[in-house]
Structures are given as structure tokens and as C-alpha cells.
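A.B. asks: Dropping a structure here in C-alpha cells format, bear with me for questions.
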Amino acid sequence: MSATATSHPAWFAALPKPAFFAMIHVGALPGTPRAAASIGQLRRTAAAEAKLLLDGGADAIILENMHDAPYLRGRVGPEIVAAMTAAASAVRAAVPCPLGVQVLAAANRAALAVALAADLQFIRAENFVFAHVADEGLMPQADAGPLLRFRRRIGAEAIAVFADLKKKHAAHQLTADVSLAETAQAAEFFGASGVIVTGSATGQPTDEADVSEVRAAIRLPLLVGSGAKPDGLPRGADGYIVGSYLKTDGAWFNPPQRERVRAMADAIRRLRA
0 MSATATSHPA
10 WFAALPKPAF
20 FAMIHVGALP
30 GTPRAAASIG
40 QLRRTAAAEA
50 KLLLDGGADA
60 IILENMHDAP
70 YLRGRVGPEI
80 VAAMTAAASA
90 VRAAVPCPLG
100 VQVLAAANRA
110 ALAVALAADL
120 QFIRAENFVF
130 AHVADEGLMP
140 QADAGPLLRF
150 RRRIGAEAIA
160 VFADLKKKHA
170 AHQLTADVSL
180 AETAQAAEFF
190 GASGVIVTGS
200 ATGQPTDEAD
210 VSEVRAAIRL
220 PLLVGSGAKP
230 DGLPRGADGY
240 IVGSYLKTDG
250 AWFNPPQRER
260 VRAMADAIRR
270 LRA
């Protein structure tokens, strides 16, 4: 596949490079097995974390419903969309930086709806190109076609779609004969705004060789999506999505720690030099 002409979203082009994308893992949402907090508590906690992350040096923030495990495959209920919109709107009111959202697992249209309602700039999308087997089960249909048609139908074309490539927490034997570079080229051809390269699981390091392979294959923005630490940042990315390291004891389910956020911001600033 040949790559199509691409242009970086204006908000992304304005960020320093490489950019620091910090994660907010919104508390378990209504109806999920671990749900405990009220919508009001979820909103207040997300907004407070966003302020801490931005004050610590983050350039952009992503919200994710990781506490909702075990996840549904590809679709979530209206209660999840409503709760994520409430949390995202609270964060949008609290901080001025670019914001994104991911709704697990592979609920990409739900994420677009949240982003449109809450005035966010981008979503993180799983299963954008090629099928794979996730821990939620088989993801049999690539989502690029339905997702981008839905984006057009709801008037959300200004919202960027950052697509995971051979995503973490998944098996890719179905596409073992398709290289990471070819997967990236397919994502570019099918209209992704950017791509994300990860390690094998949350908190696991991303291989610098994988970053280099994708960087050589496409012109899209490229983000590292897992395992980033101040002393282990793979070179060649346009940005780093950081979650686990920023949290107390480096555990994703803990609240963020200001000193860890600043340490990561300092490390990324040194790369810019």
C-alpha cells in the first residue's frame, strides 16, 4: 500500500517534540465490577489529576476507563459514554491543554462521541486496521471504515484518530505475515491521524527498533504507548504516552505523584535538546 498525503493536526503540530502525553485512568464507571465512586467523585478526581499532570509538565492528557476491567469487546453501554463524557468535560473545564480519550475495549465510536461532546482533540483507537485476538476475545473486523464514516456522520472530522499498531494485550498470529511497518502503512492509507507503538502490555517497554521501523515507513505522528520511563525512552518518537510511571510506586491503579510527573517531563525535555 502506498501512503497518502498527510498533514499533522494543528494542535499536534503546535506541541513541543517529543511531546509528553500523560494518562488519567478514570475510576471504575457505573455498572462495571469495580464501580464504587459517584459520578461527582469521578469528575472531581479526574479534574484534580489533570491539574497535577499539567502543572508537572505534561503537554497533553488522555483519559481512559482502565478501571472498568474486565472490558466489553467493541461496544459499551450508554452509562459508560455518559460517565466518560462527564469526566472528560470536567477535565476540559480544568485545563487548557490538548485532551484525548480511549474507551476500552476498542469502543472507538463511543470514544468519538465522548470527544465530540466534551471538546477533546483526539481519540486513541484499537483495532483500526487488521484483525487480532485480544484478551476480550476475537476482534474480527478492522474499524477504520466504520469509524471514519461515523466520524463524518456526526460532524467530528476535526477529532484526530491515533491508531494502535499490533496493540498490547493481544495476540497477532493472524497477521504474523504482516510486518509492523506494513501495518503502519495500512493505518496511514486508511486515514489514521497518527499511530501508536507499544510493548506487550501496560507498563512494558516499547522496543526502539519497532519505533525506528515505523518511523521509516510513514509520515504520520508516531507515539510510544507503553513502558516509558525517564531512563528508558526509545528514540525517534514524536511523543510519549505515559501512565504507569507517573503513579505512586509505578502502579497504574494508584494516583499520580507530582515528583514522578516532573521527572518524566524533565527527561522528555532533555530529548528535545
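Position 124 of the sequence shown, counting from 1, maps to 123 under numbering that gives the first Met the number 0, and the rest follow consecutively. We put the CB at the ideal spot given by N, CA and C, even for glycine. The structure presented is a predicted model; accordingly, all values stated were derived computationally and were not measured.
Per DSSP, what kind of secondary structure is glutamate 207 in: helix, strand or coil?
C.D. replies: Correct three-state label for glutamate 207: helix.
A.B. asks: Roughly how many angstroms separate the alpha carbons of isoleucine 153 and glutamate 125, rounded to a whole number?
C.D. replies: Isoleucine 153 and glutamate 125: Cα-Cα distance of roughly 20 Å.
A.B. asks: In terms of alpha-carbon separation, which member of Val102, Gly238, Leu173 and Met65 lies closest to valine 132?
C.D. replies: With distances taken between Cα atoms, valine 132 lies closest to Leu173.
A.B. asks: Just to check my reading of the structure: serine 225 and glycine 198 have Cβ atoms closer than 8 Å, yes? What is that Cβ distance to the nearest angstrom?
C.D. replies: The pair is a contact, with the Cβ atoms about 5 Å apart (cut-off 8 Å).
A.B. asks: Please list, in chain order, all residues of the same chain as isoleucine 240 whose beta carbon is under 6 Å from its beta carbon, the five residues on each side excluded.
C.D. replies: Once the five neighbours on either side are set aside, the close Cβ partners of isoleucine 240 are Phe20, Leu222 and Gly224.
A.B. asks: With DSSP as the reference, please indicate the residues paired to arginine 280 in a beta bridge.
C.D. replies: Given that the chain is displayed from residue 0 to residue 272, the structure contains no residue 280 and the question cannot be resolved.
A.B. asks: Alpha helix (DSSP H) containing phenylalanine 189: first to last residue?
C.D. replies: Per DSSP, phenylalanine 189 belongs to no alpha helix (DSSP H) and is neither H nor E.
A.B. asks: For valine 128, does the three-state DSSP call read helix, strand or coil?
C.D. replies: Reduced to three states, the DSSP call for valine 128 is coil.
A.B. asks: Comparing the CB of phenylalanine 252 with every heavy atom of the ligand ZN, is any distance shorter than 7 Å?
C.D. replies: Absent from the structure shown: the ligand ZN. Ligands present: none.
A.B. asks: Between which two residues does the beta strand (DSSP E) containing alanine 21 stretch?
C.D. replies: Segment 18 to 24, the beta strand (DSSP E) holding alanine 21.
A.B. asks: Measuring alpha carbon to alpha carbon, tell me which of Met263, Asp54, Ala264 and Thr247 ends up nearest glutamine 256.
C.D. replies: When each option's Cα is compared against that of glutamine 256, the closest is Thr247.
A.B. asks: Terminal residues of the continuous beta strand (DSSP E) containing leucine 270?
C.D. replies: From DSSP, leucine 270 is part of no beta strand (DSSP E) but of the alpha helix (DSSP H) over 257 to 271.
A.B. asks: To the nearest angstrom, report how far apart alanine 85 and isoleucine 61 are at their CA atoms.
C.D. replies: Near 14 Å, if we compare the C-alpha coordinates of isoleucine 61 and alanine 85.
A.B. asks: Could you tell me the boundaries of the alpha helix (DSSP H) in which glycine 144 lies?
C.D. replies: 143 to 152 is the extent of the alpha helix (DSSP H) around glycine 144.
A.B. asks: Provide the residue(s) that pair with lysine 246 in DSSP beta bridges, ordered along the chain.
C.D. replies: Beta-bridge pairing links lysine 246 to Pro255.
A.B. asks: Would glutamine 40 be called buried (16 or more neighbouring beta carbons within 10 Å of its own) or exposed?
C.D. replies: It counts as exposed.
A.B. asks: Step through the CB atoms of chain D and report whether any lies within less than 8 Å of the CB of alanine 105.
C.D. replies: Absence of chain D from the displayed structure is noted, only one protein chain being present.
A.B. asks: Which residues does DSSP pair with glutamate 63 in a beta bridge?
C.D. replies: BP columns for glutamate 63 point to His24 and Gln101.
A.B. asks: How would you write the range of the alpha helix (DSSP H) that leucine 41 sits in, first residue to last?
C.D. replies: Where leucine 41 is concerned, the enclosing alpha helix (DSSP H) stretches over 38 to 55.
A.B. asks: With 16 as the cutoff for other CB atoms within 10 Å, does serine 1 come out buried or exposed?
C.D. replies: The predicted model places serine 1 with a pLDDT of 36, which falls under 50 and marks its position as unreliable, so this point remains unresolved.
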